[in-house]
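Trainee: Those protein sequences? They're chains C and G, same order as listed.
Each residue of the first sequence is one higher than the one before, starting from 1 at the first, in our numbering.
Each residue of the second sequence is one higher than the one before, starting from 179 at the first, in our numbering.
Ideal Cβ placement from N, Cα and C applies to all residues, glycine included.
Number of protein chains: 2
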Amino acid sequence: MSGISPRSVQRQHARRNGEEGAGSGRAGPARARGDRIALGYLTDHVGYVVRRAQLAIFKDFIETMEPVAIRPAQYSVLIVIDQNPGLTQAELSRALAIKRANLVGMLNELERRKLARRVASPSDRRSHALHLTANGRRMLARFHRRALEHERRATRALDPGERRLLLDLLGRVARSLG
Amino acid sequence: MSGISPRSVQRQHARRNGEEGAGSGRAGPARARGDRIALGYLTDHVGYVVRRAQLAIFKDFIETMEPVAIRPAQYSVLIVIDQNPGLTQAELSRALAIKRANLVGMLNELERRKLARRVASPSDRRSHALHLTANGRRMLARFHRRALEHERRATRALDPGERRLLLDLLGRVARSLG
DNA sequence: TATTGTTATACTCTATAACTATA
DNA sequence: TATAGTTATAGAGTATAACAATA
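(1) Does C:A134 come out as helix, strand or coil in the three-state DSSP assignment?
(2) Compute the beta-carbon to beta-carbon distance between G:T266 and G:L308, rounded to the nearest angstrom, for a pair I have assumed lies under 8 Å.
(3) Please confirm whether C:G105 has its beta-carbon closer than 7 Å to some beta-carbon of chain G.
(4) If you count every other CB in all the chains shown that lies within 10 Å of the CB of C:S123, and 16 or more means buried, which is it?
(5) Under 8 Å by Cβ, that's how I've got G:A251 and C:Q83 pegged, so tell me the actual separation to the nearest angstrom.
(6) What is the DSSP secondary structure of G:A307, counted as helix, strand or coil?
(7) Residues in the same chain with beta-carbon distance under 7 Å from G:M344, minus the five sequence neighbours each way, listed in chain order, please.
(8) Can a CB atom of chain C be found closer than 7 Å to the CB of G:R290?
(9) Indicate the three-state DSSP secondary structure (helix, strand or coil) for C:A157 in the structure shown.
(10) Mind listing which residues of the stretch 238 to 253 of chain G have their C-beta closer than 8 Å to chain C's C-betas, in chain order?
(11) Can you give the Cα-Cα distance for G:H322 and G:F239, rounded to whole angstroms?
(12) 7 Å is my cut-off, CB to CB: does G:V228 come that close to chain C?
(13) Kindly indicate which three-state DSSP category C:A116 falls into: helix, strand or coil?
(14) Would G:I259 pass as an interface residue toward chain C - the criterion being a Cβ-Cβ separation below 7 Å?
(15) Here's a check: name, in chain order, each residue in its chain whose Cβ is nearer than 6 Å to the Cβ of C:G86, leaving out the five neighbours to either side.
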């Protein structure tokens with residue numbers, strides 16, 4: 001544990017301007033106009049803080065990639081296919097924790113845009129070997145340049161060591177729950 | 179910047195087992211059975227790493243709170259009402275970045291369960307002053323105990339200083355994108 | 001029997017527009 | 001004219017069940 005406990009929650013739980021027993025029906029504006037809203041110990045919950053950061057980062061990523069029409073999940077799929085040419089949909093599904101069923105539409109779209117291809121596997125006729133097209137690799141390089149621009153913006157408040165540390169800490173959290 | 183660059187991306191872009199020019203139609207199993215799938219530089223993107231951590235944390239939170247039927251957003255709403263008795267729905271909406279329209283159903287549910295109440299505001303008859311009921315405060319204390327249990331699990335891979343550091347780094351990232 | 005890709009479907013979250021009543 | 005709460009609705013993203021083909 002670390003800094004959060006029932007005791008500290010109690011302490012942080014400030015009773016504002018004498019408001020008491022609202023359940024009994026007392027009304028009245030409990031706060032003066034313009035007062036800032038306190039999030040309290042919510043900002044001490046890793047889940048909340050991670051969520052807010054994730055939303056801010058994705059918002060910037062989506063805006064950055066909007067001109068090339070690539071969503072976060074599509075970008076991750078393209079990278080994993082590029083790094084593992086010939087992998088199957090089931091393997092891709094497991095690697096990215098995307099349900100097999102939900103990959104179908106994504107791959108249809110990537111094929112439609114001539115970025116990726118399903119190739120019949122000769123060894124196992126149930127599965128498809130996934131590849132980027134030559135065009136897909138070319139486009140992925142362009143996507144990278146934009147994604148890097150986003151990455152710089154997303155981590156501009158951190159120095160290189162802090163950025164690395166953040167990735168490490170988050171990785172440990174995810175693995176420990178995995 | 180910090181450790182990620184077009185150059186490093188190039189370097190990491192390994193061409194596995196001689197696979198080349200998949201766009202031209204070459205098939206064949208590009209990977210031996212049982213090979214691990216490489217995520218490559220995906221794990222160097224703060225967006226991807228934050229997203230995976232957030233999913234793992236929320237999964238544990240949702241499972242932990244399932245017996246008391248509280249979702250992450252509901253928990254955050256209860257905390258902010260508790261910390262700011264009498265605040266309006268619009269204020270709550272802004273504080274948590276939840277759209278006004280999407281708060282309506284949530285508050286209906288919390289009222290139905292006798293955890294929170296909308297009280298007519300005398301000063302501005304358009305708005306509602308939000309309060310926890312006495313029961314709501316009692317229940318929130320129970321929710322806290324479970325949430326703390328979750329928090330311990332989610333950050334068990336970190337020491338207290340690392341946990342604090344993680345919250346700080348994420349806060350800076352979110353604020354810098356704000 | 002188990003697995004692969006697929007379809008159909010549902011549920012949650014989130015986003016927008018429009019309405020009403022107030023300010 | 002703008003804001004608060006509400007309704008209705010649409011779009012993502014994600015989840016499950018079931019099926020045909022194949023292992």
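Mentor: So, from the listed chains and residues:
(1) helix
(2) 7 Å
(3) no
(4) exposed
(5) Rounded, the Cβ-Cβ distance is 35 Å, inconsistent with contact.
(6) strand
(7) Checking the displayed sequence, the identity of residue 344 of chain G turns out to be Leu instead of Met. Excluding positions up to five away in sequence, the list reads L336.
(8) no
(9) coil
(10) D238, F239, P250
(11) 12 Å
(12) yes
(13) strand
(14) no
(15) A129
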